[in-house]
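Trainee: First the structure, then my questions, so here it is.
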Amino acid sequence: MVTTIRDTLMQWLEIDSVTGGEARFLEVLQRHFEDLGFECQRQTVEANRWNLLVTRGATPRFVYSTHVDTVPPHLPVREEDGIVYGRGACDTKGGILAMS
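In our numbering, the protein residues as written are 1429 to 1528.
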């Protein structure tokens, strides 16, 4: 089954990732990038919080850097007239998906 970008975004938006509670989304994100052939390295920040360094194994020419947390409260995901709405749709889950 092929998952569309829209479907992936909506799945990601369903995951509550308010500041301090990003672990579940980071795990999903790591699997996403590993499935695409990237190497992932966790850099511990504190218990249940880490940075995720994603590379192709070579010295990078570009570095894309972003956060993965969203501001509270977590909102239900919805689509209206072909537009996806949800916490993180534009900042930053949508951006991460565009980078992948």
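Virtual Cβ for every residue (Gly too), placed ideally from N, Cα, C. Keep in mind that this is a model prediction, so the values were computed, not measured.
(1) Run through the segment 1455-1507 for me and flag every whole beta strand (DSSP E) of 3 or more residues, listed as ranges in chain order.
(2) By Cβ distance below 8 Å, which residues in the same chain neighbour glutamine 1471 in space, the five residues on each side in sequence not counted?
(3) So the alpha helix (DSSP H) isoleucine 1395 belongs to, where does it begin and stop?
(4) Does the separation of the CB atoms of leucine 1457 and valine 1505 fall below 7 Å?
(5) Quick one: using the 10 Å Cβ neighbour count with 16 as the cut-off for buried, is glycine 1514 buried or exposed?
(6) If we count Cβ pairs, one from each stretch, closer than 8 Å, do we get three or more for the segment 1442-1457 versus the segment 1492-1501?
(7) State buried or exposed for leucine 1464, treating a residue as buried only when at least 16 other CB atoms are found within 10 Å of its CB.
Mentor: Once the coordinates are examined:
(1) You should have 1467-1474, 1477-1483.
(2) When the five nearest sequence neighbours on each side are left out, the beta carbons in the same chain lying within less than 8 Å of the beta carbon of glutamine 1471 are those of Trp1478, Asn1479, Leu1480, Leu1481, in order along the chain.
(3) Because the chain spans 1429 through 1528 in this model, residue 1395 falls outside it and cannot be assessed.
(4) Against a cut-off of 7 Å, the Cβ pair of valine 1505 and leucine 1457 comes out as no contact.
(5) With 16 or more other Cβ atoms inside 10 Å of its own Cβ, glycine 1514 counts as buried.
(6) Enough Cβ pairs lie closer than 8 Å, so yes.
(7) Exposed is the label assigned to leucine 1464, since fewer than 16 other Cβ atoms lie within 10 Å of its Cβ.
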